[in-house]
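Visitor: Take the sequence shown: its position 354, counting from 1, is numbered 354 in UniProt numbering, and each next residue is one higher. Beta carbons: idealized from backbone N, C-alpha and C, even for Gly. One structure, as structure tokens, below. Some questions next.
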Amino acid sequence: MATSAPVSPARGGVSMAGAALAAHRLSGSFITDSPDAEGSLVCPLEPRPDRRTMTAPPNILLVMMDQLAPQVLKPYGGTVCRTPNLERLAGEGVVFENAYCNYPICAPARFSLMSGRMPSRIGAFDNATEFPSEVPTFAHYLRAMGYHTCLSGKMHFVGADQLHGFEDRVTTDVYPADFSWTSDWSLGPTFWEPWFHSVRIVRDAGPRRRSVNTSYDEEATVEACRWLHDHADRADGRPFFLAASFISPHDPYLAPPSHWDLYTDDGIDDPRVGDIPLEERDPHSRRLYYTIGRHIETIGPADVRRARRAYYAVMSWLDDRIGRILETLKAIDADDNTIVVLTADHGDMLGERGLWLKMNFFEWSVRVPLIVHAPTLYRARRVRENVSLLDLFPTFLEWAGDGELPELFAPIDGASIAGLAAGHSDGWPDVVGSEYCGEGASSPVLMIRRGRWKYIHCEDDPPLLFDIEQDPDELVNLAGTPEVGGVETDLAGEVCRWWDTAALKDRVIESQRRRKFLHAALSVGRRTPWDWQPVRDASREYVRGDGDVDGIYART
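Take a look at the structure:
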């Protein structure tokens, strides 16, 4: 995407910035495998009569969860999982009913969120591809606009740059920053690595006093709250952007006993779509059957209920931590001037269709929750249009710029959803794209959701076409049926316009080969890790022998 001049105002309620970016999405030119084009986009935004105002540049709190399927939440139709803090935010905020990730595994989805770009545009092919330092992120732009930016928790950056524009990073990451998790298509699409993806986690689900995930998320909560207090004490006049990013409710399905006891096995709902015989699955689902070790492990109904019970319990536990951060906002008198955004990097199949984890384009894997809580800006409403994580990049900049985008130094593929949040959908393209080039595949698997239709393409497989409005459980593949032949033809053509699949496959394989070599080479002799080491100066904490002791006591 390259433009060099402002774009004419859109009709209706969509902002000029949104219209400019939406035009590229409509043309199908936003997903390519070519190098970046030069150019920038400077788009003032037209005023919205429905939009309310804040008294100062708003703070932004991004609460990001990992592997959270929105379908389990009550604002999205769930009936079991208890998340009172999240439910309150949804009841007072804007709920996006059809939000999607742009890649159904962690790192590429997050890189897309941070950069506003499709993963293949920046070489994000799996959980061990480097996030290039030269790619501008929303954190860079917000910082340039005067924001104090902080990351507390997971973002799964891979590479030596572990900040990507954040001024502060107050925890380490929970996952490796190196190339150790590189996918390897040369091993075949049904190759199984038992240490990596295994449904034994379903059989091992249950209560656990302590786990890596809950320990990490407790630290992320404490440090987020500490940072908010420190920011308030600093009183330098800068608005803040804080990303509080958790690994929960990501597997393993292990829940604190206090929250496990909130549920009973009998009170847990079963998957809407039960196990599907292997021979009746689509080819990618058959491959994933082996990728997650279903050919090794037998999963029964009791195992499914225990795993889902643990998942719900962890979400209730995490909801308490989110509540603590919201209470801290209130304590520092920032709650009225802070936009809170809740989302996740991807979903979890949770036994639907007999699948677990993610790595596919069924709704439980690729859809994410997206809730915007800003009562001083937007009335509570529900938005049905299709949006994706990469749309948050321009949205954050629009909020920070009070209706103007800064000059952009690299193309972006998203469009601001601020207009949708305000109730204006005219001109919205209603199309999202998603990609998958990881385990269980041997060629890129690609998805387009346009309006009611979802189209899934892989050069190795027959196409899939679903009418999500009429068939939300995706049970009837309409590809090849004459009734929707025109729709299928249009979407197949859109795939060809958006992706050069042969070139993309070559890039993926070559990237895998390079990274496998580099990881092996860097494992010889002394290893220098890329993992983020949080910087703490103990001589400036608590009470020391110099300075204003009374002031220190008052502050800490």
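To which residues does DSSP link Met359 through a beta bridge?
Guide: Position 359 of the sequence shown, counted from the start, is the residue given in the question as residue 359. Answer by DSSP bridge pairing: none, since Met359 is not bridged.
Visitor: Of the choices His519, Gln533, Pro534, whose alpha-carbon is the least far from that of Arg527?
Guide: Stepping through the sequence shown from its first residue, residue 527 is reached at position 527. It is His519 whose Cα lies nearest to the Cα of Arg527.
Visitor: Could you check how far apart the C-beta atoms of residue 570 and Phe396 are, in whole angstroms? I think they sit under 8 Å.
Guide: It is not possible to answer for residue 570, since the shown part of the chain is limited to 1 through 556.
Visitor: Nearest to Ala410 by CA position, among His156, Asp461, Leu464, Arg117, is which residue?
Guide: Here residue 410 refers to the residue found at position 410 of the sequence shown. The residue with the shortest Cα to Cα distance from Ala410 is Arg117.
Visitor: Which runs of the alpha helix (DSSP H), 4 residues or longer, sit entirely within the region 94-134?
Guide: Fully enclosed alpha helix (DSSP H) runs of 4 or longer: 106-115.
Visitor: If you follow the alpha helix (DSSP H) that Arg209 is in, where does it begin and where does it stop?
Guide: Within the sequence shown, residue 209 is the residue found at index 209, counting from 1. Run containing Arg209: none; DSSP gives neither H nor E here.
Visitor: Is Ala538 helix, strand or coil when you go by DSSP?
Guide: For the purposes of this step, residue 538 is taken as residue 538 along the sequence shown, with counting starting at 1. Correct three-state label for Ala538: helix.
Visitor: Pull up the CB-CB distance for Thr291 and Glu474, whole angstroms please, since I reckon it's below 8 Å.
Guide: Here residue 291 corresponds to residue number 291 of the sequence shown, with the count starting at 1. Here residue 474 corresponds to residue number 474 of the sequence shown, with the count starting at 1. The pair is not a contact, with the Cβ atoms about 19 Å apart (cut-off 8 Å).
Visitor: Check whether the Cβ of Arg82 sits closer than 7 Å to any heavy atom of the ligand SAH, and report yes or no.
Guide: As far as ligands go, the structure on display features none, and thus does not contain the ligand SAH.
Visitor: Buried or exposed, going by whether 16 or more other CB atoms sit within 10 Å of the CB of Gly153?
Guide: The residue labelled residue 153 in the question sits at position 153 within the sequence shown. Gly153 should be labelled buried.
Visitor: DSSP on Lys74, reduced to helix/strand/coil?
Guide: Here the question's residue 74 lines up with position 74 in the sequence shown. Note: Lys74 maps to helix in three-state DSSP.
Visitor: So, helix, strand or coil for Gly545, using DSSP?
Guide: Stepping through the sequence shown from its first residue, residue 545 is reached at position 545. Note: Gly545 maps to coil in three-state DSSP.
Visitor: Just checking, does the region 301-316 make contact with the region 328-346 on the three C-beta pairs under 8 Å criterion?
Guide: No, the region 301-316 does not touch the region 328-346.
Visitor: Beta carbon of Thr221, beta carbon of Ser248: below 8 Å?
Guide: Counting from one through the sequence shown, the residue named residue 221 turns up at place 221. Counting from one through the sequence shown, the residue named residue 248 turns up at place 248. For Thr221 and Ser248, no; Cβs fall outside 8 Å.
Visitor: Quick one, which of Arg226, Glu459, Phe179, Ala90 has its alpha-carbon nearest Ile325's?
Guide: Your numbering for residue 325 matches position 325 in the sequence shown. Residue Arg226 is the option with its Cα nearest to Ile325.
Visitor: Could you tell me the distance, in whole angstroms, from the CA atom of Thr172 to the CA atom of Leu408?
Guide: In the sequence shown, residue 172 corresponds to position 172, counting from 1. In the sequence shown, residue 408 corresponds to position 408, counting from 1. Using only the alpha carbons, I get a separation of about 29 Å.
Visitor: Determine the contact status of Arg309 and Tyr263, defining contact as a CB-CB distance below 8 Å.
Guide: On the sequence shown, residue 309 is found 309 positions in, with the first residue counted as 1. On the sequence shown, residue 263 is found 263 positions in, with the first residue counted as 1. Against a cut-off of 8 Å, the Cβ pair of Tyr263 and Arg309 comes out as a contact.
Visitor: Does the region 262-281 come close enough to the region 88-103 that 3 or more CB-CB pairs lie under 8 Å?
Guide: No, they do not touch.
Visitor: To the nearest angstrom, how far is the alpha carbon of Ser258 from that of Leu350?
Guide: If you number the sequence shown from 1, residue 258 lands on position 258. If you number the sequence shown from 1, residue 350 lands on position 350. Those two C-alpha atoms are separated by around 22 Å.
Visitor: Can you tell me the Cα-Cα spacing of Arg327 and Ala232, whole angstroms?
Guide: As a position in the sequence shown, residue 327 is number 327, starting the count at 1. As a position in the sequence shown, residue 232 is number 232, starting the count at 1. Just to set this straight, residue 327 is Glu in the shown sequence, not Arg. Their Cα atoms are separated by approximately 14 Å.
Visitor: So, using beta-carbon positions, are Cys458 and Val476 closer together than 8 Å?
Guide: If you number the sequence shown from 1, residue 458 lands on position 458. If you number the sequence shown from 1, residue 476 lands on position 476. No, Cβ-Cβ distance for Cys458 and Val476 is not below 8 Å.
Visitor: With DSSP as the reference, identify every bridge partner of Thr338, one or two as the case may be.
Guide: Position 338 of the sequence shown, counted from the first residue, corresponds to residue 338. DSSP lists Asn59 as partners of Thr338.
Visitor: Compute the Euclidean distance between the alpha carbons of Cys106 and Val508, then round it to the nearest angstrom.
Guide: If you number the sequence shown from 1, residue 106 lands on position 106. If you number the sequence shown from 1, residue 508 lands on position 508. Cα to Cα, Cys106 sits roughly 17 Å from Val508.
Visitor: Between the region 135-151 and the region 197-215, can you find at least three pairs of beta-carbon atoms closer than 8 Å?
Guide: As far as the Cβ criterion goes, the region 197-215 does not touch the region 135-151, which means the pair count is below three.
Visitor: Would Tyr76 and Pro84 be called neighbours here (beta carbons separated by less than 8 Å)?
Guide: Translated into positions along the sequence shown, residue 76 becomes position 76. Translated into positions along the sequence shown, residue 84 becomes position 84. It is not a contact, given that the beta carbons lie outside the stated cut-off.
Visitor: Could you tell me the boundaries of the beta strand (DSSP E) in which Ser434 lies?
Guide: Here residue 434 refers to the residue found at position 434 when the sequence shown is read from its first residue. Run containing Ser434: 431-436, per the beta strand (DSSP E) assignment.
Visitor: Pick from Ala56, Ser112, Gly93: whose alpha carbon is nearest that of Leu389?
Guide: Indexing the sequence shown from 1 puts residue 389 at position 389. Here the closest residue by C-alpha is Ser112.
Visitor: Do Ala128 and Arg515 have their CB atoms nearer than 8 Å?
Guide: For the purposes of this step, residue 128 is taken as the residue at position 128 of the sequence shown. For the purposes of this step, residue 515 is taken as the residue at position 515 of the sequence shown. Yes, the Cβ-Cβ distance between Ala128 and Arg515 is below 8 Å.
Visitor: Report the residue ranges of all beta strand (DSSP E) runs contained in full by the region 366-424; include only those spanning at least 3 residues, in chain order.
Guide: List check, beta strand (DSSP E) in window: 370-373, 381-388.
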